[in-house]
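Everything below concerns the one structure shown next.
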Amino acid sequence: MAKVTVQDVSKAYVDEKSREQVLAVDHSSFTCAEGEFLVLLGPSGCGKTSTLRMIAGLEDISAGRIFIGETCVNDLSPEERNVAMAFENYALYPPLTVYENITFPLKARGLPRDQIHASLQHIAELLDITDILDRQPAELSGGQQQRVSLGRCIIRDADVYLMDEPLSHLDSELRLRTRGELKRLHELNQRTMMFVTHDQVEALALADRIVIMDGGRIQQIDTPVRIYEHPSNLFVAGFIGEPPMNLIPGRIMSDDGVPVFRATDHPFSVRLPDNLSTTAKKYAKKDLVLGIRPHHLHVVDRDESGQYPGKVVIYESLGEEGVMEVEIEGCPLTLLTDPERHYHPGDTVGISADWEKAIFFDRASGQSLDLDRV
Ligand SMILES: Nc1ncnc2c1ncn2[C@@H]1O[C@H](COP(=O)(O)OP(=O)(O)OP(=O)(O)O)[C@@H](O)[C@H]1O
Ligand SMILES: [Mg+2]
Numbered sequence: 260m261a262k263v264t265v266q267d268v269s270k271a272y273v274d275e276k277s278r279e280q281v282l283a284v285d286h287s288s289f290t291c292a293e294g295e296f297l298v299l300l301g302p303s304g305c306g307k308t309s310t311l312r313m314i315a316g317l318e319d320i321s322a323g324r325i326f327i328g329e330t331c332v333n334d335l336s337p338e339e340r341n342v343a344m345a346f347e348n349y350a351l352y353p354p355l356t357v358y359e360n361i362t363f364p365l366k367a368r369g370l371p372r373d374q375i376h377a378s379l380q381h382i383a384e385l386l387d388i389t390d391i392l393d394r395q396p397a398e399l400s401g402g403q404q405q406r407v408s409l410g411r412c413i414i415r416d417a418d419v420y421l422m423d424e425p426l427s428h429l430d431s432e433l434r435l436r437t438r439g440e441l442k443r444l445h446e447l448n449q450r451t452m453m454f455v456t457h458d459q460v461e462a463l464a465l466a467d468r469i470v471i472m473d474g475g476r477i478q479q480i481d482t483p484v485r486i487y488e489h490p491s492n493l494f495v496a497g498f499i500g501e502p503p504m505n506l507i508p509g510r511i512m513s514d515d516g517v518p519v520f521r522a523t524d525h526p527f528s529v530r531l532p533d534n535l536s537t538t539a540k541k542y543a544k545k546d547l548v549l550g551i552r553p554h555h556l557h558v559v560d561r562d563e564s565g566q567y568p569g570k571v572v573i574y575e576s577l578g579e580e581g582v583m584e585v586e587i588e589g590c591p592l593t594l595l596t597d598p599e600r601h602y603h604p605g606d607t608v609g610i611s612a613d614w615e616k617a618i619f620f621d622r623a624s625g626q627s628l629d630l631d632r633v
C-alpha cells in the first residue's frame, strides 16, 4: 500500500486536426493518503481520465511530478508502478475465459493454483459473476464485461488501485450493490483507491475525500460532508446536490439597521438572521450570490409568521419526495416536499426557509465567502 502525490501536474494534448493544444489537466496538486478512498469527480471532459492515466503510466506527464510512496514515477513504465487498474473500456483478453482473465495477474506472478482459485471464488461471488466464469468476453454484456474488468483489478495485491468509471455500464440496482461491495472491501482492506466518476451521488457515497475538477483545474478537495455544506465556489455549489443549490444574485443592504439581502433580478428580499450579520457587514453592497439548498426551504401554512407567498411553477412527485419549483416575488426556487401532499402549477403556497443555513459567494470571482463561519 502506498500514498500517491500529484505535484503541479499538467497534461497538454495536441488536437490532431486543428493542431491546437488542449490543456486537459492544468497544474493539479493533491495527495491520496495511504489507505484512502479518493474520488475524482467532475463533468465530462474535465480531465479525470487524463489524471488517472498519468498516475497509471499510460499517458506521458506534460509537466509536474507524480510520486507513488516516496518514488517519483514519471519515468517508470506501468508495470514498474505496481498499480492495479480498471478502466471503462475493460481491456479484457478476447481469447481467455472470464476465469482466466481475472486470474491472469495472479498467474503471471506464479501464485499457487489453490490460492488463485480461492481468491477467484471470493471475487466472483462479490461481483455476482460465478455463472459466467467459462465464457469469453465476446459472450458477455457490457455490464458483465465491466465486472470482470473490476474483478481483475481488485484480485491483485497492488500499491494503488485506479478505477475509471468502473460501474458506469451496470443497471441501477447492480450499480448500487457493487458500489456497496467496493466500499465494504475498502473498509476491510484499507487499500489506497482512486476512483473516477462524473456521478456526484457515487462520489458522495464512496469517498473519504473528493477532488472536484472543472476545465482541467481542481475546484475543491475535501470530505463529502464538507463539500456539500461548504462548497468552495459557485461551480461546486451547482454541481453537488440534487436538485442543485438555489443561487440568487443580489446585494446586502441595510433596512433600518437590519441587514437585508435584495435580489438583483427580482423584487425578492430576505431579512438576514443574526448568524450572518458578520458576513452582512463585511460584504455590504458588494455583488454577491446567495445559496440555499432545496431541503432548507419548506412548504408551510399560509398564515404562519415569516412565510413567503409562493406560486408553484413545476411540481414532480418522485415517490419518496416531491420536487417543486416555486416563484417568490418572481424569484424561482427549488425545494423538496412531503410525499403525502401533491401540488399543481398555479397553486399558492406558503414557503419558509432556514436562512441561517444560507451561504454567500462573491459574484465576480465565484468564490465562497462562507469561510467566516467554518
Ligand atoms: N488523446 C487525446 N487527444 C486530444 N485531446 C484529448 C485526448 N484525450 C483527452 N483529450 C481531451 O482532454 C480533455 C480531458 O479529457 P479526459 O478524458 O481526461 O476527461 P474526463 O474528465 O475523463 O471526461 P469523461 O467524463 O467524459 O470521461 C477533453 O477536452 C478531451 O477532449
Ligand atoms: Mg473519462
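If you want the working numbering, it's the 1-based position in the sequence shown plus 259. Backbone N, C-alpha and C fix where the C-beta goes; we use that ideal spot for every residue, glycine too.
Worksheet item: Tell me, which residues are paired with M344 by DSSP?
Response: Note: M344 sits in a beta bridge opposite L421.
Worksheet entry | Entirely enclosed beta strand (DSSP E) segments - the region 354 to 423, minimum 3 residues | 419 to 423
Worksheet item: Can you list, in chain order, the residues of its chain whose CB lies under 6 Å from that of L385, leaving out five sequence neighbours each side?
Response: Here the set comprises E440.
Worksheet item: What number of angstroms, rounded off, separates the C-alpha of L299 from the C-alpha of L282?
Response: Near 18 Å, if we compare the C-alpha coordinates of L282 and L299.
Discussion item. Rounded to the nearest angstrom, what separates G402 and V571 at their Cα positions?
Written reply: 41 Å
Item to complete: Alpha carbon to alpha carbon, how far is V455 from V633? Give it in angstroms, no decimals.
Response: With a pLDDT of 42 at V633, under the threshold of 50, the predicted position of this residue should be treated as unreliable, and no value is reported.
Fill in: Per DSSP, cross-strand counterpart(s) of H557
S611
Practice prompt. Go ahead and label K541 buried or exposed: buried means 16 or more other beta carbons lie within 10 angstroms of its beta carbon, across all protein chains shown.
Written response: Exposed: under 16 other Cβ atoms inside 10 Å.
Fill in: T456: CB within 6 Å of a non-hydrogen atom of ligand 1
no
Worksheet item: Beta carbon of T310: closer than 6 Å to some heavy atom of ligand 2?
Response: Ligand 2 never approaches T310 closely enough for any of its heavy atoms to be under 6 Å from the residue's Cβ.
Item to complete: Would you kindly report the start and end of the unbroken beta strand (DSSP E) that includes E586?
Response: G581 to I587
Discussion item. Does the beta-carbon of V548, which I'm using as the reference point, lie nearer than 6 Å to any heavy atom of ligand 4?
Written reply: Inclusion of ligand 4 in the displayed structure is not the case, the ligand content consisting of ligand 1 and ligand 2 alone.
Worksheet entry | Buried versus exposed call for L577 [16 or more other C-beta atoms within 10 Å across all chains shown] | exposed
Discussion item. Under 8 Å, with one C-beta from each stretch per pair, do the region 328 to 345 and the region 406 to 421 reach the 3-pair mark?
Written reply: Between the region 328 to 345 and the region 406 to 421, the count of Cβ pairs shorter than 8 Å is three or higher; the stretches touch.
Practice prompt. Look at the alpha carbon of H601 and the alpha carbon of T607, and state the distance between them as a whole number of angstroms.
Written response: 12 Å
Item to complete: Give a single yes or no on whether K545 has its beta carbon closer than 6 Å to a heavy atom of ligand 2.
Response: no
Discussion item. By alpha-carbon positions, which one of D467, D458, E461 and V460 ends up nearest to M452?
Written reply: It is D467 whose Cα lies nearest to the Cα of M452.
Practice prompt. Return the CA-CA distance between P503 and M472, expressed in angstroms with no decimal places.
Written response: Computed Cα separation, rounded: 17 Å.
Worksheet item: Based on Cα-Cα distance, which residue from V548, D515 and S611 lies nearest to H555?
Response: Of V548, D515 and S611, the residue nearest in Cα terms is S611.
Worksheet entry | Secondary structure, alpha helix (DSSP H): runs of 4+ residues fully inside the region 492 to 549 | 493 to 498 and 536 to 541
Worksheet item: Alpha carbon to alpha carbon, what distance is there between A543 and L297?
Response: 38 Å
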